[in-house]
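Read the structure below first, then the notes.
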Amino acid sequence: MKHNNSPRRPTLLVANRGEIAMRIMRTARAEGYRTIAIYSDPDRNAPHTRAADVAIGIGGRAPQESYLDIERVIAAAIRGGATAVHPGYGFLSENAGLARACIRSGLEFIGPPPEAIEAMANKRRAKALMEQAGVPCIPGFALPEQHSNGESEMLHAAAAIGFPLMVKAADGGGGRGMRLVENAEELPARLRSARSESKSAFGSDEIILEKALVDARHVEVQVFADCHGNIIHLGERDCSIQRRHQKIVEESPSPAVGADLRRRMGEAAVAAARACNYIGAGTVEFLLDRNGDFYFLEMNTRLQVEHPVTEMVTGLDLVAWQLAVARGEPLPISQQEVKLAGHAIEVRLYAEDPDNHFLPQSGEILHWQEPAAPGIRCDHAIATGGAVTPFYDPMLGKLIAHGRDREQARMRLLNALSRIEFIGPRNNFAFLQRVIDSPVFAAGGATTAFLAEQEELKPTGNPDHIDSAQHREAAIAATVMYRCALDPADCRSGRANWRNGDNSVPVYFCLQRDGRLFECRLRVHQGRSGIRVESGGENFDIEVVHMAGDRARLAVDGIECLTTFSLRGARLHLLMDGQQAQWEDHSHFPASAAQARSDGLIRAPMDGTLVELCVTADQAVQCGDTVAVIEAMKMEHPLKADCDGTVGELAARPGDQVRGGQVLARIEPVPQPTPSIT
Numbered sequence: 001m002k003h004n005n006s007p008r009r010p011t012l013l014v015a016n017r018g019e020i021a022m023r024i025m026r027t028a029r030a031e032g033y034r035t036i037a038i039y040s041d042p043d044r045n046a047p048h049t050r051a052a053d054v055a056i057g058i059g060g061r062a063p064q065e066s067y068l069d070i071e072r073v074i075a076a077a078i079r080g081g082a083t084a085v086h087p088g089y090g091f092l093s094e095n096a097g098l099a100r101a102c103i104r105s106g107l108e109f110i111g112p113p114p115e116a117i118e119a120m121a122n123k124r125r126a127k128a129l130m131e132q133a134g135v136p137c138i139p140g141f142a143l144p145e146q147h148s149n150g151e152s153e154m155l156h157a158a159a160a161i162g163f164p165l166m167v168k169a170a171d172g173g174g175g176r177g178m179r180l181v182e183n184a185e186e187l188p189a190r191l192r193s194a195r196s197e198s199k200s201a202f203g204s205d206e207i208i209l210e211k212a213l214v215d216a217r218h219v220e221v222q223v224f225a226d227c228h229g230n231i232i233h234l235g236e237r238d239c240s241i242q243r244r245h246q247k248i249v250e251e252s253p254s255p256a257v258g259a260d261l262r263r264r265m266g267e268a269a270v271a272a273a274r275a276c277n278y279i280g281a282g283t284v285e286f287l288l289d290r291n292g293d294f295y296f297l298e299m300n301t302r303l304q305v306e307h308p309v310t311e312m313v314t315g316l317d318l319v320a321w322q323l324a325v326a327r328g329e330p331l332p333i334s335q336q337e338v339k340l341a342g343h344a345i346e347v348r349l350y351a352e353d354p355d356n357h358f359l360p361q362s363g364e365i366l367h368w369q370e371p372a373a374p375g376i377r378c379d380h381a382i383a384t385g386g387a388v389t390p391f392y393d394p395m396l397g398k399l400i401a402h403g404r405d406r407e408q409a410r411m412r413l414l415n416a417l418s419r420i421e422f423i424g425p426r427n428n429f430a431f432l433q434r435v436i437d438s439p440v441f442a443a444g445g446a447t448t449a450f451l452a453e454q455e456e457l458k459p460t461g462n463p464d465h466i467d468s469a470q471h472r473e474a475a476i477a478a479t480v481m482y483r484c485a486l487d488p489a490d491c492r493s494g495r496a497n498w499r500n501g502d503n504s505v506p507v508y509f510c511l512q513r514d515g516r517l518f519e520c521r522l523r524v525h526q527g528r529s530g531i532r533v534e535s536g537g538e539n540f541d542i543e544v545v546h547m548a549g550d551r552a553r554l555a556v557d558g559i560e561c562l563t564t565f566s567l568r569g570a571r572l573h574l575l576m577d578g579q580q581a582q583w584e585d586h587s588h589f590p591a592s593a594a595q596a597r598s599d600g601l602i603r604a605p606m607d608g609t610l611v612e613l614c615v616t617a618d619q620a621v622q623c624g625d626t627v628a629v630i631e632a633m634k635m636e637h638p639l640k641a642d643c644d645g646t647v648g649e650l651a652a653r654p655g656d657q658v659r660g661g662q663v664l665a666r667i668e669p670v671p672q673p674t675p676s677i678t
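Going by UniProt numbering, the residue at position 431 of the sequence shown is 431; the numbering climbs one at a time, nothing skipped.
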């Protein structure tokens, strides 16, 4: 019998999900690796499972039962014949336990040594190490190791540091367990809240305090090290625009960093990596003040979400570098050979509601098509027919634009955002367009205070105000609904003829969008393939030029526009100019939307865990008071009263697992007058 003693084919298990799993597998395949995906129960048919050569189920729904379970990950790697494990970002990517488990099992861990991960995992210990290495750090306070709660010491230290200050989880990141404290009165509650969120997210409630630099820039440096002692940096990324202390826009190079500052920040980042004997890809994060002084924040011992902007300006594949370094190869270039070409800007695409405190959203994806244009890259794991589940972070993907200079990259990104075709849960796409189009961002002046300062980006103060553009959209929605109801078969075939028995009789629609009602009256033009729609006292002449499948080309007052839509029963999802709206046909349901909106019921906005009830029965509350707090998608979400009233029934208890839409409490509202229909 002939024996085959050839080495096993390199096989990479990606211990992650979503867009980062697909991005890693793309490079791994190009490098000759066989790829293995793992999936939880909700992810059985997720895009990353179909992109891999082999997909192995590890069970569970919540992260703790699946992607955070080291034993299950290692068992899947061994079962699938993996030779290496890449953790991606998030989940176990900065867990020294996974790195050690890989080493014990004879698997290459595509990341730094476990000792380096541990050195930088705790902010208190990392800061002490950086001070020893001569890296500038922000003034702050941390309790000695093995110290108990220490709230009195924290309060005393806060007074010495001065306000505003940041409360941070010592063992976490990603904005979790982080609170801005403006004054001493806020500190006790913010400490408790940060401890609770940190304990849930990271298994530790250790907290540190740092002086808050509220009008600074968040600038990070990409470093890379091999096992031969070579360490270089690949320039900086500006990540100043954040919500809930999480980045949503990243760019390289930073508009605030010149050649000399880049050199100094790069040298500090390399010193940080050398201090912890780093190997692989890492990111050293700094705060940069107006005077050009910078201070160490933390070191992320993994590949960053925003690594594509560095790839776009350097022309390098950082995942390929990670694989090469793990194989023992030296870095392919020296510091002097690093060249930055052009400018790149990335935005993170989230399923969240910017008009409701960026509350995460979940639901079915009815339609998706990514934009394609020169200089555009879209890393995602979105598929028509897929779903955004409540179990994981709501990031859908990333859109990146590269140009010869910053303005070309910005304009390309704006154009690409407007060309995304997505029908599904609420998202931040239109919000991102406003951010990238804002004068402050266009001028390169955004700091970490950007979102708080830009009034035009905040929700309108009068949600009941309806302008002409909204009436126009209502008229288009009514036209699409009418056209599909008239002959559903024509919507699939592309025919645009109208057949209405009596053109003199108007067709009435009452449509609801975001809790507001629109009355529309449609009348078919005699002898024409168009109609006149009256909404809010305005008339719109609409001609259906072409309708087929889920697309319609309409001429509205002589101006043609293309729409993409999905009609499910009485609910129409309409996509125009890159913005999605959901319309419901309430023609046979005349009850006021305002009444339904202010019924006093406090419902869970998504599946999660009830962490706290902040009220008791018979307690008087005002609109905006926090009634309960739930934990979902790795964040705590306060639920507020939508009316003045008295607390009646409390329908759940802290610790309960709750479903999206479940009633948690009932408030007997103070009677309000019923507004009229628009």
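For glycine and all other residues, C-beta sits at the position ideal for the given N, C-alpha and C. For clarity, every value in this text was computed on a predicted model and none was experimentally measured.
* Asked: Buried or exposed: Gln146, going by 16 or more other Cβ atoms within 10 Å of its Cβ?
  -> Numbered from 1 along the sequence shown, position 146 holds the residue referred to as residue 146. Per-residue confidence for Gln146 stands at a pLDDT of 48, beneath the threshold of 50, marking its modelled position as unreliable; the derived number appears in the next sentence. Classification for Gln146: exposed.
* Asked: Would you call the CB atoms of Gly106 and Ile36 closer than 7 Å?
  -> In the sequence shown, residue 106 corresponds to position 106, counting from 1. In the sequence shown, residue 36 corresponds to position 36, counting from 1. Not closer than 7 Å, so no.
* Would the beta-carbon of Gln361 fall within 7 Å of that of Glu370? -> Start at 1 with the first residue of the sequence shown, and residue 361 comes out as number 361. Start at 1 with the first residue of the sequence shown, and residue 370 comes out as number 370. By the CB criterion at 7 Å, Gln361 and Glu370 fall outside the cutoff.
* Residues sharing a beta bridge with residue 679, DSSP -> The shown model of the chain, from 1 to 678, leaves out residue 679, and the question about it has no answer.
* **Delimiting residues of the beta strand (DSSP E) encompassing Arg124** => Start at 1 with the first residue of the sequence shown, and residue 124 comes out as number 124. Not the beta strand (DSSP E): Arg124 falls in the alpha helix (DSSP H), residues 123–132.
* **Check whether Leu303 and Ala281 have beta carbons under 7 Å apart** => In the sequence shown, residue 303 corresponds to position 303, counting from 1. In the sequence shown, residue 281 corresponds to position 281, counting from 1. Yes. Within cutoff.
* To do: Within its chain, find whatever has a CB closer than 7 Å to the CB of Ala216; leave out the 5 residues flanking it on each side and keep chain order.
  => On the sequence shown, residue 216 is found 216 positions in, with the first residue counted as 1. Leu287, Leu288, Asp289, Thr447, Thr448, listed in sequence order.
* To do: Scan the segment 127–204 and note each continuous beta strand (DSSP E) run of 3 residues or more that stays entirely inside, going in chain order.
  => 140–142, 165–169, 178–181
* To do: For Thr49, count neighbouring Cβ atoms within 10 angstroms of its own Cβ and tell me buried if that reaches 16, exposed if not.
  => Residue numbering aside, residue 49 sits at position 49 when the sequence shown is read from its first letter. Answer is buried; the Cβ neighbour count reaches 16.
* **Cβ-based burial, Arg8 [other Cβ within 10 Å; buried from 16]** => Residue 8 sits at position 8 when you count from the first residue of the sequence shown. That one is exposed.
* **For Gly150 and Glu185, the rounded distance between their alpha carbons** => By one-based count along the sequence shown, residue 185 stands at place 185. By one-based count along the sequence shown, residue 150 stands at place 150. If I take the Cα positions, the gap works out to 17 Å.
* Looking at C-alpha atoms only, which residue of Ala665, Gly536, Ala28 is the closest neighbour of Gln322? -> As a working note, residue 322 is residue 322 in the sequence shown. Nearest option by C-alpha distance: Ala28.
* Cβ-Cβ distance between Thr314 and Leu234 below 7 Å -> As a position in the sequence shown, residue 314 is number 314, starting the count at 1. As a position in the sequence shown, residue 234 is number 234, starting the count at 1. Yes.
* Asked: Got a sec, what are the start and stop residues for the alpha helix (DSSP H) Leu432 sits in?
  -> For the purposes of this step, residue 432 is identified with residue 432 of the sequence shown, where counting begins at 1. Per DSSP, Leu432 is one residue of the alpha helix (DSSP H) stretching across 429–437.
* **Rounded separation between Val647 and Gly172 - CA only** => Residue numbering aside, residue 647 sits at position 647 when the sequence shown is read from its first letter. Residue numbering aside, residue 172 sits at position 172 when the sequence shown is read from its first letter. Rounded to whole angstroms, Val647 to Gly172 spans 36 Å at the Cα level.
* To do: For Val214, count neighbouring C-beta atoms within 10 Å of its own C-beta (all shown protein chains included) and say buried if the count is 16 or more, exposed if not.
  => What you label residue 214 is simply residue 214 of the sequence shown in a count that begins at 1. Looking at its Cβ environment, which holds fewer than 16 other Cβ atoms inside 10 Å, Val214 is exposed.
* Give the DSSP bridge partners of residue 693, in chain order. => Since the first and last residues shown for the chain are 1 and 678, residue 693 lies out of range.
* Asked: How many angstroms separate the CA atom of Thr120 from the CA atom of Ile207?
  -> Taking the first residue of the sequence shown as 1, we reach residue 120 at position 120. Taking the first residue of the sequence shown as 1, we reach residue 207 at position 207. A quick correction: the sequence has Met, not Thr, at residue 120. Each residue's Cα considered, the two are about 15 Å apart.
* With contact counted as at least three CB pairs below 8 Å, one residue from each stretch, are the segment 615–630 and the segment 330–347 in contact? -> no
* Between the segment 85–92 and the segment 16–30, are three or more C-beta pairs nearer than 8 Å? -> yes
* Can you tell which of Ile248, Arg243, Glu236 has the C-alpha that lies nearest to the C-alpha of Val284? -> Locating residue 284 in the sequence shown gives position 284, counting from the first residue. Residue Glu236 is the option with its Cα nearest to Val284.
* **the segment 448–457 touching the segment 375–383, judged by at least three CB pairs closer than 8 Å** => no
* Asked: Can you give the Cα-Cα distance for Gln132 and Cys276, rounded to whole angstroms?
  -> Counting from one through the sequence shown, the residue named residue 132 turns up at place 132. Counting from one through the sequence shown, the residue named residue 276 turns up at place 276. Answer to the nearest angstrom: the Cα atoms are 11 Å apart.
* **Rounded Cβ spacing between Gly600 and Cys643 (contact assumed at less than 8 Å)** => For the purposes of this step, residue 600 is taken as the residue at position 600 of the sequence shown. For the purposes of this step, residue 643 is taken as the residue at position 643 of the sequence shown. That pair is a contact at about 6 Å.
* Could you spell out where the alpha helix (DSSP H) holding Phe391 opens and where it closes? => Taking the first residue of the sequence shown as 1, we reach residue 391 at position 391. Where Phe391 is concerned, there is no enclosing alpha helix (DSSP H), given that its DSSP letter is neither H nor E.
* For Arg79, does the three-state DSSP call read helix, strand or coil? -> For the purposes of this step, residue 79 is taken as residue 79 along the sequence shown, with counting starting at 1. In the structure shown, Arg79 sits in a helix (DSSP, three-state: H, G or I).
* Asked: How many whole angstroms separate the CB atoms of Arg419 and Ile466, which I take to be in contact at a CB cut-off of 8 Å?
  -> Residue 419 sits at position 419 when you count from the first residue of the sequence shown. Residue 466 sits at position 466 when you count from the first residue of the sequence shown. That pair is no contact at about 27 Å.
* To do: Using only alpha-carbon positions, find the residue among Asp514, Gln512, Asp541, Arg513 that is nearest to Leu522.
  => As a working mapping, residue 522 is identified with position 522 in the sequence shown. The shortest Cα separation from Leu522 among Asp514, Gln512, Asp541, Arg513 belongs to Asp541.
* To the nearest angstrom, report how far apart Ala201 and Ser193 are at their CA atoms. => What you label residue 201 is simply residue 201 of the sequence shown in a count that begins at 1. What you label residue 193 is simply residue 193 of the sequence shown in a count that begins at 1. Rounded to whole angstroms, Ala201 to Ser193 spans 12 Å at the Cα level.
* Asked: Where does Ser152 land, buried or exposed, given buried means 16+ other C-beta within 10 angstroms?
  -> Within the sequence shown, the letter at position 152 stands for residue 152. Ser152 is exposed by the Cβ-count criterion.
* **Close beta carbons around Gly328, own chain, < 7 Å, minus the five adjacent residues each side** => Taking the first residue of the sequence shown as position 1, residue 328 is located at position 328. Cys227.
* To do: Buried or exposed for Cys142, please, with buried defined as at least 16 other CB atoms from any protein chain shown within 10 angstroms of its CB.
  => Position 142 of the sequence shown, counted from the start, is the residue given in the question as residue 142. A small correction: the amino acid at residue 142 is Ala; Cys does not occupy that position in the sequence shown. Buried, because 16 or more other Cβ atoms sit within 10 Å of the Cβ of Ala142.
* **7 Å Cβ shell around Gly645 - same chain, five flanking residues per side excluded** => Here residue 645 refers to the residue found at position 645 when the sequence shown is read from its first residue. Counting only Cβ-Cβ distances below 7 Å, and skipping sequence neighbours, we find Gly600, Val621, Ile667, Glu668, Pro669, Val670.
* In three-state terms, what does DSSP make of Phe109? -> Position 109 of the sequence shown, counted from the first residue, corresponds to residue 109. It is a strand residue.
* Would you mind listing the alpha helix (DSSP H) stretches within the segment 222–293 that are 4+ residues and don't spill past its ends, in chain order? => 259–275
* Asked: DSSP three-state call for Pro638: helix, strand or coil?
  -> If you number the sequence shown from 1, residue 638 lands on position 638. Pro638: strand per DSSP, three-state reduction.
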